[in-house]
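J.: Got a structure for you, written out below as structure tokens; questions coming shortly.
2 protein chains.
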Amino acid sequence: MSDLPSRVEITEEGPREAFQIEPGPIPTEDKIALIDALSGTGLRRIQVASFVSPKIVPGWADAEAVVGGFAPRPGVEYTALWFNASGLRRAMGFRDRLSIFGSVTVTASEAFTKRNLNRTQAEQLVAQRANIAAHREAGVVMERVSVQAAFGCNWGGEVTAEAALDVLSDAMALAKEEGCDIRRITLADSMGWATPLRIERLVGAVRSRFPEQEIVLHLHDTRGLGIACAAAGLRLGVARFDAAVAGLGGCPFAGQPGAPGNIATEELVFLCEEMGVETGVDLPALLETAHLAERIVGHPCPSNLLRSGIRRAA
Amino acid sequence: MSDLPSRVEITEEGPREAFQIEPGPIPTEDKIALIDALSGTGLRRIQVASFVSPKIVPGWADAEAVVGGFAPRPGVEYTALWFNASGLRRAMGFRDRLSIFGSVTVTASEAFTKRNLNRTQAEQLVAQRANIAAHREAGVVMERVSVQAAFGCNWGGEVTAEAALDVLSDAMALAKEEGCDIRRITLADSMGWATPLRIERLVGAVRSRFPEQEIVLHLHDTRGLGIACAAAGLRLGVARFDAAVAGLGGCPFAGQPGAPGNIATEELVFLCEEMGVETGVDLPALLETAHLAERIVGHPCPSNLLRSGIRRAA
Numbered sequence: 000m001s002d003l004p005s006r007v008e009i010t011e012e013g014p015r016e017a018f019q020i021e022p023g024p025i026p027t028e029d030k031i032a033l034i035d036a037l038s039g040t041g042l043r044r045i046q047v048a049s050f051v052s053p054k055i056v057p058g059w060a061d062a063e064a065v066v067g068g069f070a071p072r073p074g075v076e077y078t079a080l081w082f083n084a085s086g087l088r089r090a091m092g093f094r095d096r097l098s099i100f101g102s103v104t105v106t107a108s109e110a111f112t113k114r115n116l117n118r119t120q121a122e123q124l125v126a127q128r129a130n131i132a133a134h135r136e137a138g139v140v141m142e143r144v145s146v147q148a149a150f151g152c153n154w155g156g157e158v159t160a161e162a163a164l165d166v167l168s169d170a171m172a173l174a175k176e177e178g179c180d181i182r183r184i185t186l187a188d189s190m191g192w193a194t195p196l197r198i199e200r201l202v203g204a205v206r207s208r209f210p211e212q213e214i215v216l217h218l219h220d221t222r223g224l225g226i227a228c229a230a231a232g233l234r235l236g237v238a239r240f241d242a243a244v245a246g247l248g249g250c251p252f253a254g255q256p257g258a259p260g261n262i263a264t265e266e267l268v269f270l271c272e273e274m275g276v277e278t279g280v281d282l283p284a285l286l287e288t289a290h291l292a293e294r295i296v297g298h299p300c301p302s303n304l305l306r307s308g309i310r311r312a313a
Numbered sequence: 000m001s002d003l004p005s006r007v008e009i010t011e012e013g014p015r016e017a018f019q020i021e022p023g024p025i026p027t028e029d030k031i032a033l034i035d036a037l038s039g040t041g042l043r044r045i046q047v048a049s050f051v052s053p054k055i056v057p058g059w060a061d062a063e064a065v066v067g068g069f070a071p072r073p074g075v076e077y078t079a080l081w082f083n084a085s086g087l088r089r090a091m092g093f094r095d096r097l098s099i100f101g102s103v104t105v106t107a108s109e110a111f112t113k114r115n116l117n118r119t120q121a122e123q124l125v126a127q128r129a130n131i132a133a134h135r136e137a138g139v140v141m142e143r144v145s146v147q148a149a150f151g152c153n154w155g156g157e158v159t160a161e162a163a164l165d166v167l168s169d170a171m172a173l174a175k176e177e178g179c180d181i182r183r184i185t186l187a188d189s190m191g192w193a194t195p196l197r198i199e200r201l202v203g204a205v206r207s208r209f210p211e212q213e214i215v216l217h218l219h220d221t222r223g224l225g226i227a228c229a230a231a232g233l234r235l236g237v238a239r240f241d242a243a244v245a246g247l248g249g250c251p252f253a254g255q256p257g258a259p260g261n262i263a264t265e266e267l268v269f270l271c272e273e274m275g276v277e278t279g280v281d282l283p284a285l286l287e288t289a290h291l292a293e294r295i296v297g298h299p300c301p302s303n304l305l306r307s308g309i310r311r312a313a
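Here it is in structure tokens:
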């Protein structure tokens, strides 16, 4: 009936996701404090910053100060995000502190690609050759193919599993042509269009086509089905998830200000624990960190578990 | 792989759940407005009030005015809640407006029974004879057995499926002895202790023992797993759920002020629609009603779908 993994790897994306979208200026030292608190919870992968243009994302104008400022904890891998050669160069300045790998990134929705990147999907695919070349020049391995809006988007509607698989297959073919050794596929539900059934369809289709690839689910809880989708993924043996402490974040291009963001790391950890799946995370410590995150952003965050606590028997 | 029902019946419990727990006094006309808005969404069962002592639950001191005040809509069944003969008498005054049936109610946790009712589980079971007698005298059918805290409680911890099944079996035996024709079993997760795996275990165990009974799931989203639990229930063919618009409510005895309450009706409806399960509910109308509910209680409610909207393609 189920193929539950014995253990999952969680990439904590709260800092990167939150500070790109929160309206208020957040002090650099608060960003660093959150990262250092997260690394104390047992999380082993933390995405700490986005090297993007401060004109487009003012919240990450201090990316260098944040990445230079946190206290690296042995055994924890710190990652960052970038979208072009200039971002990659900035990240490369922190090779000693960051785990640096590249992603071939495509989008399963034409409408979202145009809106977000002002490109067609075909142009976005071609642009991946330059992306791969930039990483090759920098000596950085392209580790994964990432499909954004893999389940649907607010502008183009639902994306079928077939359509997402087509986009993914084109990207995998291009990566192969370019000599990349892809090991992971991220299916990103950037705007909360996934449902448990659609997780099953797409994960099943991707598995059949690319059985050697590890699948990563990046889920948003925008419409309340995020944890149900994570449960569906776990059932299928998916063992790698992205999440954000307190449910921070959102999609800056989704046209839904105030909409809930990523699935909350503490709810994912709780789900895993209750299903007998190991996470390595200390849940009470993570809940404390979620409270810290809430204090830093200065408003209530969508995580339900954060409101209620774990409340084992008193 | 799955036994999805083609259609589910949802009992909307938002009015009853919310107005027992909201701290501020809510005007009677607002309660009535919410009920009348709900009956316009396609929901066919709405629990509109609780006939309890105003000393214990001041929020329902106006139960009579609310039940006498809403505009009954043909095809919609209105229900209420009571816990003793005096409450039943008050409900019976509205036989023309309410669908009145009785429940044999037991609790799967000794600690919660003591805390909530100041009784042992054994005493609570015995008290069900008087409860049945009161209904018999009033000519009211005992329709269901309801198991509170069926998955766990904040005071006693986890309740195993075996323990819940024992409590249920004792109640079913007593109901049979008393000549009741029980048709439904409600498994109530009063404090959010259910998880998808535990839903499968308990629903499976109850089905095996009482195959002729319809199972109703009453889920709370206290710790973020409510919709994942509903998805697990749907997969097992459960076709009757309680829910509360906007995720109103909570458990007044759970010792968690501010903790999220019932699963949000709109998230349940959205889940069902996306799984191809009919609900009869107009989701956009329900979302408007959820916004009304939020305005009435005067604070943000936990429903994520309410924050983001359904956002079909623009």
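Sequence lines, in order, name chains F and E. With numbering that gives the first Met the number 0, the residue at position 229 of the first sequence is 228, and numbering never jumps. With numbering that gives the first Met the number 0, the residue at position 31 of the second sequence is 30, and numbering never jumps. All C-beta atoms in this analysis are idealised placements derived from N, C-alpha and C, irrespective of residue type, glycine included.
(1) With 7 Å as the C-beta to C-beta threshold (strictly closer), list the residues of the segment 168-201 of chain F near chain E in chain order.
(2) According to a CB-to-CB cut-off of less than 8 Å, which residues of the segment 3-22 of chain E neighbour chain F?
(3) So, is the C-beta of E/A313 closer than 8 Å to a C-beta in chain F?
(4) Kindly say whether E/L235, judged by its beta-carbon, lies nearer than 8 Å to any beta-carbon of chain A.
(5) For F/S307, would you say it is in contact with chain E, using Cβ-to-Cβ distances shorter than 8 Å as the test?
(6) Which runs of the alpha helix (DSSP H), 4 residues or longer, sit entirely within the segment 138-214 of chain E?
(7) Say whether chain E places a C-beta atom closer than 8 Å to the C-beta of F/I31.
(8) Please name the residues in the segment 289-308 of chain E whose beta-carbon is closer than 9 Å to at least one beta-carbon of chain F, in chain order.
(9) Assess, as a yes-or-no matter, whether the segment 256-271 of chain E is touched by the segment 301-311 of chain F under the definition of 3 or more beta carbon pairs within less than 8 Å.
(10) Assess, as a yes-or-no matter, whether the segment 12-31 of chain F is touched by the segment 271-279 of chain F under the definition of 3 or more beta carbon pairs within less than 8 Å.
(11) What is the DSSP secondary structure of E/L216, reduced to helix, strand or coil?
(12) Thinking just about the alpha-carbon of each residue, which of E/A64, E/L270, E/A90, E/G67 is nearest to the one in E/G225?
(13) So, helix, strand or coil for E/N303, using DSSP?
(14) Grab me the residues of F/D169's own chain with a C-beta within less than 8 Å of its C-beta, minus the 5 sequence neighbours each way, in chain order.
(15) So, using beta-carbon positions, are E/A64 and E/R15 closer together than 8 Å?
(16) Determine, using beta carbons only, whether E/A230 comes closer than 8 Å to chain F.
(17) For E/D180, is the beta carbon positioned less than 7 Å from some heavy atom of the ligand ATP?
(18) Less than 8 Å between CB atoms is the rule here; does E/D220 satisfy it with respect to chain F?
(19) Using CA coordinates, which residue listed in F/D2, F/A79, F/Y77, F/L87 is at the minimum distance from F/A132?
(20) Taking 8 Å as the threshold (beta carbon to beta carbon), is E/G223 in contact with chain F?
(21) Is the Cβ of E/P259 closer than 8 Å to any Cβ of chain F?
(22) Under the DSSP definition of a beta bridge, which residues are partnered with F/D281?
(23) Per DSSP, what are the beta-bridge partners of E/G101 in this structure?
(24) Suppose you measure from the CA of F/H217 to the CA of E/I198; what does that come to, to the nearest Å?
(25) For E/H298, which of helix, strand or coil comes out of DSSP?
(26) How many whole angstroms separate the CB atoms of F/S207 and F/E265, which I take to be in contact at a CB cut-off of 8 Å?
(27) Can you tell me whether E/M0 is helix, strand or coil according to DSSP?
(28) Looking at the C-beta of E/A263, does it have a partner C-beta in chain F at a distance below 8 Å?
(29) If you measure beta-carbon to beta-carbon, which residues of the segment 263-286 of chain E are closer than 7 Å to chain F?
(30) Nearest chain F C-beta to E/I226 closer than 8 Å, yes or no?
(31) If you drop the 5 nearest sequence neighbours on each side, which residues of the same chain put their C-beta closer than 6 Å to that of E/A160?
(32) For the 8 Å Cβ check, are there 3 or more pairs between the segment 73-93 of chain E and the segment 106-115 of chain E?
(33) On the three-state DSSP scale, how would you describe E/D241?
(34) Quick check on the DSSP output: what are the complete alpha helix (DSSP H) runs of length 4 or more inside the segment 60-125 of chain E, in order along the chain?
(35) Please report the straight-line C-alpha distance between F/V7 and F/L80, rounded to a whole angstrom.
(36) Helix, strand or coil, according to DSSP, for F/E11 in the structure here?
T.: According to the data block:
(1) G191, T194, P195, L196
(2) none
(3) Note that E/A313 has pLDDT 48, beneath the 50 cutoff, so the model's placement of it is unreliable and no number is given.
(4) The structure shown contains no chain A; its protein chains are F and E.
(5) yes
(6) 160-176, 195-208
(7) no
(8) P299, P301, S302, N303, L304, L305, R306, S307, G308
(9) yes
(10) no
(11) strand
(12) E/L270
(13) helix
(14) V105, L124
(15) no
(16) yes
(17) Annotation note on the ligand ATP: not contained in the displayed structure, which lists no ligands.
(18) yes
(19) F/L87
(20) yes
(21) yes
(22) Looking at the DSSP assignment, F/D281 forms no beta bridge with any residue, so it has no partner.
(23) E/M141
(24) 25 Å
(25) coil
(26) Going by Cβ atoms, the distance from F/S207 to F/E265 rounds to 33 Å, so no, they are not a contact pair.
(27) At E/M0 the pLDDT is 46, less than 50, meaning the model places this residue with poor confidence; the figure from the coordinates comes in the next sentence. It is coil, neither helix nor strand.
(28) yes
(29) A263, E266, F269, L270, E273, M274
(30) yes
(31) R200, L201, A204
(32) no
(33) strand
(34) 62-68, 84-91, 109-116
(35) 22 Å
(36) strand
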